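Right, one structure below, let's go through it.
Numbering (my numbering), first residue to last: 15 to 645.
Okay, here's the thing in structure tokens:
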């Protein structure tokens, strides 16, 4: 091999595609077969054993084909399914295939019958595809394979490479033992173990480099890539028992994910965040300006909850850090808890249950009421308040609401013109406001005095919006006949800390550990929503649903490069950006600008290659906060 010209040898199954093609073919060919599940599992097991190098290749092929019971007519549906399962990083990097089509070779122990239709869409030449071929009987049933093909036997890839006699450097990208054999035979400069779809420990040990995506391969070889950084260089820190689905999504994207079960205090987070690109938190961890000073690489913060008052949004803005939350994902869960607790408090079920556990039998209707016909006062008519309004009305409650913003009433809900009006009317008062500083102690002694005697009171919003001492006094006096509190001004950072509160051991008082949105459904919704918004921001620049950045929904970019410029909102920055582009003879394909009072966010799509000097010039524009290249 000689330096200069580069040849790329790429495996197909679990590398070019996310799946093993014969496994997918089995799902098609065995549909309706009485042994379908058992056979599919056997085929997968044989595939894994073969890929690890522990089973003779011919034995592996013969055993799988015998189990498949497949037909020529199954190949069309197989190809369509495989097209949907091309590896994500391959889809992102079509430019690589276009540019190097003469020197890209697919060498596989799979079958040309389905490989060629897939890779041809990526401009891989059919003559550069080397794989097995199916043999069919007169009825079209798959009965075997071409046994004269070297790729149907052990060490077949090595033999095929020898026949090709490629001139120049050879780089092998694959996930199995047969890919490693090419390097071991001295026919490749390097073997890159591709782990985007599957990891095989014995293969990783033999690799020159572990490659979690094609982006990483292109990055370390200083070649064109669809993104300006490899995914495995993005470090993610997820705190406070974020749902496993979020971990799965971010790992699948190729990110480096570290998980910590509890919250972190300011000093701990300052230390942990130094090399973190994405931070995921829930409600306990405070992301302060001091924390952000230590965040050298931070791109985005994900709040895996509704509220963001635990995050200094303005400091994030000044640092060029986008913040995303899940404003709708746990709405239903909070509403259902509120309804349940209203009924429990109106019937004094909590105290009666506690007494029963102590052996006390007190069968009495005293202090127990139906909720039908009672007036419910909702403070805060956002997503949760509005949905609570609808459900409560369907149960027979008369609904009133108060919000500082103009909100359209749902159903027969009636808007109150002031907080005082609502407090005077409601038999039940429930809080669903956000955590902005001006809401601190919005319910205190004065507000409790305005409420009806024997009022039922709930706070499932933010801990600091209620004066806890005033609530305690009014429970003890009987003014508040029952209370439910899910959020507190000070909460334990982990389940190992003791919960301290003045509200402990009060009558008809339900205390819950900030679990209003803690259902499996809500946590799964959040774990899907927040990572996808962050990944969309990183991959495309889209800031849709960001709580602090100007919101831009961007079109999919094709055949161009995307430049992102975040800057202080000062006059003339856009003109300076465009002057730099003009000075470098760059044509603008599309440009998108949005600002808020703190920053300007400019996306520029260009249609030609750029050099380091252009990037340096754009970074050097006065008042630049952050600049990055996406494609």
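We put the CB at the ideal spot given by N, CA and C, even for glycine. Just so you know, these numbers come straight off a predicted model, no measurement behind them.
Below 7 Å CB to CB, which residues in the same chain sit around residue i once its five sequence neighbours on both sides are set aside?
i	result
residue 429	415 and 423
residue 325	301, 315, 317 and 337
residue 138	111, 115, 118 and 120
residue 167	71 and 72
residue 584	637
residue 646	Here the chain covers residues 15 to 645 and nothing more, so residue 646 does not appear.
residue 108	136
residue 15	Note that residue 15 has pLDDT 46, beneath the 50 cutoff, so the model's placement of it is unreliable and no number is given.
residue 328	612
residue 160	146, 147, 149 and 166
residue 498	355, 359, 472 and 524
Just verifying my parser: in three-state terms, what is the DSSP assignment at residue i?
i	result
residue 119	strand
residue 188	strand
residue 151	coil
residue 16	Reliability of the predicted coordinates at residue 16 is poor, the pLDDT of 46 falling under 50, and no value is obtained from them.
residue 388	coil
residue 252	strand
residue 416	strand
residue 383	coil
residue 342	coil
residue 32	coil
residue 23	strand
residue 600	coil
residue 635	coil
Between residue i and chain C, is the shortest Cβ-Cβ distance under 8 Å, so that the two count as touching?
i	result
residue 640	The chain labelled as chain C is not found in the depicted structure, where only one protein chain is given.
Between residue i and the rest of its own chain, which residues show a CB-CB distance below 6 Å, the 5 nearest in sequence each way excluded?
i	result
residue 308	284, 287 and 288
residue 76	none
residue 260	541 and 545
residue 53	44 and 81
residue 33	99
residue 206	187, 223, 225 and 231
On the DSSP bridge list, what partners appear for residue i?
i	result
residue 605	618
residue 159	148
residue 377	In the DSSP output, where bridge partners are listed per residue, residue 377 has none listed.
residue 640	580
residue 204	185
residue 429	415
residue 575	620
residue 143	120
residue 223	206
residue 234	DSSP, once it has assigned bridges, lists no residue as partnering residue 234.
residue 613	582
residue 393	416 and 445
Leaving out five residues before and five after residue i in sequence, what residues of the same chain have Cβ atoms less than 8 Å from its Cβ?
i	result
residue 631	594, 597 and 598
residue 376	366 and 369
residue 382	360, 361 and 362
residue 483	516
Give me the Cβ distance between residue i and residue j, rounded to the nearest whole Å; I'm assuming they're in contact under 8 Å.
i	j	result
residue 638	residue 577	Their Cβ separation, rounded to whole angstroms, is 12 Å, which puts residue 638 and residue 577 out of contact at 8 Å.
residue 254	residue 299	6 Å
residue 470	residue 448	The Cβ separation is near 23 Å, so there is no contact.
residue 292	residue 250	4 Å
residue 392	residue 402	6 Å
residue 347	residue 533	4 Å
residue 512	residue 506	7 Å
residue 226	residue 294	Not quite, the Cβ-Cβ distance comes to about 19 Å (not below 8 Å), so this is no contact.
residue 555	residue 628	At roughly 18 Å, the Cβ-Cβ gap does not stay under 8 Å, so residue 555 and residue 628 are not in contact.
residue 575	residue 620	5 Å
residue 310	residue 536	That belief does not hold up - the Cβ atoms of residue 310 and residue 536 are roughly 33 Å apart, past 8 Å.
For residue i, verify whether its CB is less than 7 Å away from any heavy atom of the ligand GDP.
i	result
residue 448	Among the ligands in the structure shown, none appear at all, so the ligand GDP cannot be discussed.
Inset, instruction - Scan the region 259-337 and note each continuous beta strand (DSSP E) run of 3 residues or more that stays entirely inside, going in chain order. - result: As far as the region 259-337 is concerned, its whole beta strand (DSSP E) runs of at least 3 residues are 270-273, 292-295 and 314-317.
Legend entry - Those runs of the beta strand (DSSP E) which lie wholly inside the region 509-571 and span at least 3 residues: Listed in chain order, they are 523-525.
Legend entry - 3-residue-minimum beta strand (DSSP E) runs that sit fully inside the region 443-507, ordered along the chain: Here the runs fully enclosed are 469-473 and 494-499.
Inset, instruction - Report the residue ranges of all alpha helix (DSSP H) runs contained in full by the region 69-132; include only those spanning at least 4 residues, in chain order. - result: Within the region 69-132, the complete alpha helix (DSSP H) runs of at least 4 residues are 71-82, 89-97, 102-106 and 108-113.
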